[in-house]
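Enquirer:
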Amino acid sequence: MDHLISDLFSTSFLSSGAYELRCSLHPHPFHRGAVRNEAVVISGRKLAQQIKQEVRQEVEEWVASGNKWLYLSMNLVSENPASNSPADVVINGETIMKPASISEEELLNLINKLNNNVDGLIQLPLPGVLMIERPDVDDFHVINVGRMCLDQYSTLPATSWGVWEIIKQTGIPTLGKNVVVAGRSKNVEMPVAMLLRTDGTHEGPRGDATVTISHGYTPKEQLKKHTILADIVISAAGIPNLITADMIKEGAAIINVGINRVQDPVTLVGDVDFEGVRQKAGCITPVPGGVGPKTVVMLMKNTIITSKELEVATN
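Numbering-wise, my numbering puts 1100 at position 246 of the sequence shown, and it's gapless, one number per residue.
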């Protein structure tokens, strides 16, 4: 079931363009019972279309005002096939694959060659001891991370921003809510936790939630003590079936970020036991088709934002 909201429920499309999703967390929640006994499945693909149109319009206006057409070079330093996926985007670009054994000198030479012609990114973390202290549009640079930790304005890592936008677009409240973030990577879970706990008086996204972070060494029984109380569970640990139905409370919102290959190279699953959890949750994102499409469009959004900021800085 890959749809945004079932016709069985009373829903509305807000003037801001956001869908109001009747999760049990919402002030006017839907009630699971005789009419329906499954969670609403949130389609990241459908939510991404709205932002994709916004980015398309921004890019067209950017080019019409005399600027060059944006060009994004994705330099993937990885042996992970999950990193190499085609994307339907509105910005021209290329993907340059390099093995994890690449030397720092070779990678730096490639970046220097691209710098004059493209808006580029490096997918982090880089393997081994490679350290690149340069900004990138996936926003893992130390300056962006530092500003975000201090609740200052910064562009946001694409996946974390995608998770935030899913929460906001679907009307899932965060103020005063309990949130569990499963995983502690610096490029997804840490930024997500920072956004959700940020004080509402500060600039940029702010969740005002109480956030608990777990990781691979958190005993499952200990994790369950937190998830069973959580209004929102966000899992990006990369562990299939980490979150099961007995670990969540009725009506919780489940954001399934993790992507895992099981059984064969083309079968993808998240961290959440989707079929089991959907019988108990209020709403849930699928894998694939949930957070992934939002990540792509937020990366495109970052590209146009970064290009505009660079234009201002150099003029």
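Glycine is no exception: its CB is placed at the ideal position from the N, C-alpha and C atoms.
(1) Taking only three categories from DSSP, how would you classify R899?
(2) What span of residues does the beta strand (DSSP E) with T1121 cover, start to end?
(3) Which same chain residues end up closer than 6 Å to L1153 when comparing Cβ atoms and leaving out the 5 residues on each side of it in sequence?
(4) Where in the region 1079 to 1162 do unbroken runs of the alpha helix (DSSP H), each at least 4 residues long, occur, reported from the N-terminal end onward?
(5) Can you give the beta carbon distance from A902 to V1151, rounded, assuming they're within the 8 Å contact cut?
(6) Consult DSSP for A1036 and reduce its assignment to one of helix, strand or coil.
(7) Rounded to whole angstroms, what is the Cα-Cα separation between E908 and Y1071?
(8) Take K1103 and list the residues in its own chain whose beta-carbon comes closer than 6 Å to its own, dropping the five residues that flank it on each side.
(9) Apply the 10 Å Cβ neighbour rule to C1003 and answer buried if 16 or more other Cβ atoms are within range, or exposed otherwise.
(10) Count the other CB atoms, across all protein chains shown, that sit within 10 Å of the CB of E1129; report buried if there are 16 or more and exposed otherwise.
(11) Pop quiz: N1110 and S1089 are said to be a contact at Cβ under 8 Å. What is the actual Cβ separation, rounded to whole angstroms?
(12) Look at the alpha carbon of A1091 and the alpha carbon of V1145, and state the distance between them as a whole number of angstroms.
(13) Among Q1023, G920 and A1036, whose alpha-carbon lies nearest the alpha-carbon of R899?
(14) From P1140 to S897, what distance separates their C-alpha atoms?
(15) Measuring alpha carbon to alpha carbon, tell me which residue in T1009, P1045, N998 and H995 is nearest V1017.
(16) Go ahead and label H1069 buried or exposed: buried means 16 or more other beta carbons lie within 10 angstroms of its beta carbon, across all protein chains shown.
(17) Specify the secondary structure class of L1164 as computed by DSSP and reduced to three states.
(18) Determine the closest residue to K1040 out of D1125, L1010, M1101 and N891, with distance taken between C-alpha atoms.
(19) Identify, in the order they occur along the chain, each residue of the same chain with its Cβ nearer than 6 Å to the Cβ of E912, setting aside the five sequence neighbours on each side.
(20) At what residues does the alpha helix (DSSP H) containing V1017 begin and finish?
(21) Is it right to say E1019 is buried, meaning 16 or more other beta carbons lie within 10 angstroms of its own, or is it exposed?
(22) For V1065, which of helix, strand or coil comes out of DSSP?
(23) Less than 8 Å between the beta carbons of L1050 and V1034, yes or no?
Expert: So, to answer that:
(1) helix
(2) Unbroken run through T1121: none, as it is neither H nor E.
(3) A1012
(4) 1128 to 1131
(5) 5 Å
(6) strand
(7) 41 Å
(8) Shown here for K1103: same chain residues with a beta carbon closer than 6 Å to its own, the five before and five after excluded, namely I1082 in chain order.
(9) With fewer than 16 Cβ atoms within 10 Å of its Cβ, C1003 is classed as exposed.
(10) Exposed: under 16 other Cβ atoms inside 10 Å.
(11) Confirmed, about 6 Å.
(12) 14 Å
(13) Q1023
(14) 7 Å
(15) If we check each option's Cα against that of V1017, P1045 comes out closest.
(16) exposed
(17) helix
(18) L1010
(19) Short of 6 Å from the beta carbon of E912, and not among the five residues preceding or following it, lie these beta carbons of its own chain, in chain order: I1158.
(20) A1012 to Q1023
(21) buried
(22) strand
(23) no
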